[in-house]
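Numbered by UniProt numbering, the letters in the sequence shown go through residues 1 to 219 in order. For each residue, glycine too, the CB sits at the ideal point set by N, CA and C. Given the structure is predicted, the values throughout are model-derived calculations rather than measurements. Before any comments, here is the structure.
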Amino acid sequence: MICNLLLVDDHSLIRAGVRALVTDIPGYAVIGEANDGTQLVELVERLNPDIVLLDISMKDTSGLDALQQLKRVRPHSKVLILSMHTDPALIMQALESGAHGYLLKDTSANELKHALEALRNNERYLSPAIAHTVINQALIRVQKQQPDPAQAHNLTARQLEILRLIVRGKSTREIANGLNLSIKTVETHRAQIMKRLQIHDVAGLVLFAVREKIISLDD
């Protein structure tokens, strides 16, 4: 089954470049392009895309504002931020606003493929280059919150191991291969982790993992 994509960027050359990269990835098709938030809402309602590749910084519209509009109109569409910005606060805000992944614009075609596959499989994706940035931002927030060490005991040793890998940006397939588990087993652990912690996004998992010292900047 083809996964339909919508490109949102106010630079036509960027859109053309991404479209060219997507064309070479089997199983994906660009069904529309928008250059601002107004066009985005219109096309999302009309085309019903599976994944929206969204620039976070556009001339006439804030990408974060566009993201919030998109989530109201089509909450089930996955959103992959494609940006040149590595500002920690901006990345966290995008994740907390509903983005399912964050990819830097200088990424390789292979990483774009991995990101699209992750979102298509209902997973999250962060560029490895910004993983430490997200953890750093989480550390800053931890200093302003009261820790709850007892919460960590709700997880088994295996779940803690899988949590560490999720926070480092590993996909379900990569975790399964690395731990010699089936994909279904990893998916089950992932669901149980989120259910036990009552956390349902990557940013929240990172915050928890740093707060409970499950992962550090040296990992």
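With 16 other Cβ atoms within 10 Å as the buried cut-off, status of residue i
i    : result
E212 : buried
K184 : exposed
A20  : exposed
D65  : exposed
I56  : buried
V186 : buried
Expected contact under 8 Å - CB spacing of residue i and residue j to nearest Å
i    : j    : result
L80  : L103 : 6 Å
L70  : E33  : Contact doesn't hold; Cβ gap of about 15 Å is too wide.
V202 : L126 : 7 Å
I162 : I193 : 7 Å
For residue i, the residue or residues it bridges with in DSSP
i    : result
G101 : L80 and Y125
E33  : L7
I51  : L5 and K78
C-alpha distance - residue i paired with residue j, whole-angstrom precision
i    : j    : result
V206 : V30  : 32 Å
A16  : T107 : 15 Å
I166 : V41  : 31 Å
S83  : K105 : 5 Å
R196 : H11  : 43 Å
I214 : L43  : 42 Å
T188 : T133 : 28 Å
L53  : A131 : 19 Å
Handout entry: Segment contact, 8 Å Cβ cut-off, at least three pairs: the region 112-121 with the region 19-36
Key = yes
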